[in-house]
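Beneath this line is the structure, given in structure tokens, with notes to follow.
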Amino acid sequence: MIRPFAEREADWQQRWEAEGAFNVALDGDRAHMYVLEMFPYPSGRIHMGHVRNYSIGDAMARYWRMRGVDVLHPIGWDAFGMPAENAAIKHGRPPAEWTYENIRTMRGQLRRLGFSYDWSREIATCHPEYYRHEQAVFLDMLERGLAERRKTHVNWCDHCETVLANEQVIDGLCWRCDNEVRQKEMDGWFLRITAYADELLEGLDTLDEWPDKVRTMQRNWIGRSEGVQIRFPLEGVDAELEIFTTRPDTLYGVTYMAISPERTDLDQWMPEANRAAVAELRQRMASGDVAEDEKVGVDTGLRAKHPLTGQVVPVWAASFVLAEYGTGAVMAVPAHDQRDWEFARQYDLPVKVVIDPAESSAWSPEESAWEGAGTMVDSGPVNGLPNDEAWQKIADAVEQQGVGQRTVQYRLRDWGVSRQRYWGCPIPVIYCDDCGIVPVPREQLPVRLPEDVEVVAGGGSPLARRKDFVETTCPQCGRAARRETDTFDTFIESSWYFLRYLSPRDTERPVDPDLARRWMPVDHYIGGVEHAVLHLLYSRFFTRVMRDLGYIELDEPFRHLLTQGMVIKDGAKMSKSKGNVVDPDDMIARYGADTTRLFILFAAPPEKDLDWQESGVEGMARFLGRVERVFTRSLHSLEQRRDGETREAFADLGRQLHVTIDRMTSDIEKRFQFNTAIAALMELLNAWSLAIGEGAELNSDEASTVRELVETYPRLLAPFAPHLAEELWQVAGGEGFVAHASWPQADPARLVAERVEIPVQVNGKVRGRIEIAPGAPKEQVLEAARSHPNVARYLEQGTLIKEIVVPDKLVNLVVRNG
RNA sequence: GCCGGGGUGGCGGAAUUGGUAGACGCGGUGGACUCAAAAUCCAUUGGUGGUGACAUCGUGGGGGUUCGAGUCCCCCCCCCGGCACCA
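Each residue of the first sequence is one higher than the one before, starting from 728 at the first, in the working numbering.
Encoded structure:
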């Protein structure tokens, strides 16, 4: 008997769990595959985005398991983070309690969805046995100079009361709360991701199974540019102005210099009046008085000497010059840089043309800058050269004269990881008045985060108020000292969790190198594209760091990346604020997990956004109902026999089954296109349903086809609707779990049809169809095509000049009008 | 502005290597079953013309290559995503 969905789903989930059906031993000798979905933040409840993410991953995991591969498919919790603190403030409960309760709730939801996780490997990053290893890795980084403490301008979110990394500022707003981010000068810990900039960039070329989109975003984010640093001596003072340019070819076109007003180091050389003006501009910018795209500047009174020509040009302080990029100063070539041009316009500075665009161009320096290629003019020794050659020549000259050198600049900044928050991993350092920064000795790890705290609004980090946490003794001198009260950016936990799943209870080390050698990289990594330059960049960095620290031998953590689209309803992303949220639990209760998962996989290919339509869910429930009925009728039919001819509807059914297997196999394995795999399953059911009718009696041919369908269909369904598949498998007398059964194999001999219908075109338009035997000789096919009555009609109207035959596909007859 | 991805029926989407455009599902229409409804089953469903066989138009717009173009090339329009004073 096939039981109602609620009953059967609960039962199969319980049986899978009781038998540890999806636990995997990592030391087997079979082929292996690591399928991973981005782990969730335990925010309270699973949402449809999660269901989509995990349904995709589970389909892949289940498929490969049936292919006889050892599949590692773990799950865990990205459990540190701000929402826990906000909830604590709101409800007066410690963040730990709130977090663990959410994990319980969400774990239950995931179980009700029937995902095939190895639950024995579950991790939560807020657990001391997880973060102790992270602290150890940080100490290693500290020793290697890959982690440093610095005072700099940082991104500060007033709402979250913490610092943000550059990657976490989206369009000037906080990635988490959309609050405006402002600059603030602070001490903090930085990880030297810039030391890996080139490697991270080059590594992208090896990631040929990543979407181009993500690789491009990372490339842009790293922002490598090759150029030249050039020193301009300042007139009358003992100082130089160093600039970075990617256009040394335009060096002879410099008419002024521009520095960031935030630079204070040159103040001492400026005439008093100018110094005051620069200070005022600095003040205006700090108070947000100068708009983002506004170009404001003042003359600093300083004069720079051109290193090649000796010409003297003014130095301006200009709002458009970024303090953090390059040297915080630029040489301005208004004729060949639009930004310099606009500034020159505004302040009536001279424009000097040094590149003559191709004669075809009607460019005028009165109207805009010319940033394109051309021939050098008014540039001393390089006159007449194409500008790309001049680029190298001038760079050579600069280097030979000792006034500068070729360099590479990056947009990427070091990763600021200090967070002035409580619910995160403690940074394992101690501050001693005498010894300075002292790492926590390794035998004292983990530095535990006290969990019994009270969090209050606007009170800053509760850690700073906990004397029992802050007050300690210096490991070096033994005198009273203070612990660091900032915690790590929670993106650190997610930068290595995929390694931890291999040996989640290992107390000795973060990762088992032998298992990592065998199981890494992750074969299929599935998650949202929103992490393109956050989690995915950090993880690539951290993997390399752990490699260089000797933990693993691995460059790239994720082989194939699948970025799934959003879940949309009524034209907008599902969100509480839009009020268009569909609750997964509600769907499970009304339609069951199988229907919900199947709909999600069917409604759109994984990378595209998915439009949630209740009618579509109902359609999917109908489909599964039909599967049950056709299946039951088939079992009934198999008990009755008749003599006589095989009926038309059965004739091709066996072949269709094998075509379906073939299509689904490539859809899942190569194309990751589950919507068409499911469509194929539906088509097969339609043909089967038509044949079996209300439960017809069968002759022996028909019976063997139906027998094959009954034995195969549950297996084809298993990656998508695992509960019903188990139920059907059991009813049909299958051994063990269908989840452990073998994926059906298409028999190539049975894919071939006896007859195929192909279109016959005349001048590219379909004028008839003929039925032929597959592989029929060309002449025979043409003969049939020409004698088709409707085709013949068109042939009569002209002369046949060309005949094209695509074997078993199409015939095209070309006729010239006569 | 630059980079990336798109634009196909009433809707979600198929079309894998240049070879039958619209698979599959939703929705619609007609019918069967029923006292009736629901559920289910069957048929039909891109537009236009035609009783029909068929014809004709049709994959954002315009041009091109080809026996043949949703797919390749050129120009343009629109939508989505990313970056954006990065020197």
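Backbone N, C-alpha and C fix where the C-beta goes; we use that ideal spot for every residue, glycine too.
Exposed unless 16 or more other CB atoms sit within 10 angstroms - verdict on residue i
i: D925; result: exposed
i: Q740; result: buried
i: L918; result: buried
i: L1351; result: buried
i: L1417; result: exposed
i: L1478; result: exposed
i: P988; result: buried
i: S1514; result: exposed
i: R1227; result: buried
i: N882; result: buried
i: H774; result: buried
i: V1564; result: Lying outside 728 to 1545, the shown extent of the chain, residue 1564 is not represented and no answer is given.
i: E1375; result: exposed
i: A814; result: buried
i: G835; result: exposed
i: Q1147; result: buried
Given residue i as reference, the closest of the options once Cα atoms are compared
i: D1535; options: A1512, Q1524, E1523 and D797; result: A1512
i: L1491; options: Y827, V1538 and D797; result: Here residue 1491 turns out to be Gly, not Leu, going by the sequence shown. When only C-alpha atoms are compared, the closest one is V1538.
i: E1484; options: I1497, E1094 and A1056; result: I1497
i: T991; options: A1050, P1034 and Y1318; result: A1050
i: F1377; options: E1429, Y1228 and Y857; result: E1429
i: R831; options: H818, K817, S843 and A806; result: A806
i: Y1158; options: A1004, I1219 and R876; result: R876
i: A1096; options: F842, Q1065 and D1075; result: Q1065
i: M1409; options: E1462, R1390, N1426 and Y923; result: R1390
i: I729; options: I1528, P1475, P1504 and Q1457; result: Q1457
i: Y1074; options: V1130, T1387, M984 and G1053; result: M984
i: D935; options: G1024, R1356, R1286 and F842; result: R1286
i: G1205; options: P1441, T1102, G1343 and G1163; result: G1163
i: Y1149; options: Y1137, T1212 and H854; result: T1212
i: M787; options: I1499, H1251 and T1403; result: H1251
i: R1175; options: G1151, R1192 and P1166; result: G1151
i: E929; options: R1271, G808 and Y768; result: R1271
i: H777; options: D756, W804, D754 and V798; result: W804
Residue i to residue j span [Cα, whole Å]
i: G954; j: P1333; result: 41 angstroms
i: W1470; j: E1396; result: 12 angstroms
i: N906; j: P1092; result: 41 angstroms
i: E969; j: K1032; result: 12 angstroms
i: M833; j: V1533; result: 55 angstroms
i: Y678; j: Q1010; result: Examination of residue 678 is not possible in this model, given that the chain is present from 728 through 1545 alone.
i: E1523; j: E1506; result: 19 angstroms
i: A1414; j: R735; result: 27 angstroms
i: P801; j: A1062; result: 59 angstroms
i: I949; j: E828; result: 39 angstroms
i: P1446; j: A752; result: 21 angstroms
i: N780; j: D1310; result: 15 angstroms
i: Y790; j: R1236; result: 32 angstroms
i: V937; j: L1288; result: This sequence places Trp at residue 937; Val is not what is there. So the alpha carbons of these two residues sit roughly 5 angstroms apart.
i: L1263; j: S1222; result: 8 angstroms
Residue i, DSSP secondary structure in three states
i: V1437; result: helix
i: G1619; result: Examination of residue 1619 is not possible in this model, given that the chain is present from 728 through 1545 alone.
i: G803; result: strand
i: R1369; result: coil
i: P822; result: helix
i: W1068; result: helix
i: V1508; result: helix
i: Y1074; result: helix
i: N780; result: helix
i: S1145; result: strand
i: L1328; result: helix
i: Y1252; result: strand
Are three or more beta carbon pairs between the stretch 1334-1349 and the stretch 1282-1292 nearer than 8 angstroms?
yes
Taking one C-beta from the stretch 1110-1123 and one from the stretch 962-982 each time, how about it: are there three or more such pairs within less than 8 angstroms?
yes
Stretch-stretch touch, CB-based, cutoff 8 angstroms, three pairs: the stretch 810-821 with the stretch 1177-1187:
yes
State whether the stretch 1120-1127 contacts the stretch 1185-1198, with contact taken as three or more CB pairs (one from each stretch) at a distance under 8 angstroms.
no
Whether or not the stretch 1364-1384 and the stretch 1458-1468 are in contact is what I'm after, with contact meaning three or more pairs of Cβ atoms, one per stretch, closer than 8 angstroms; do they touch?
no
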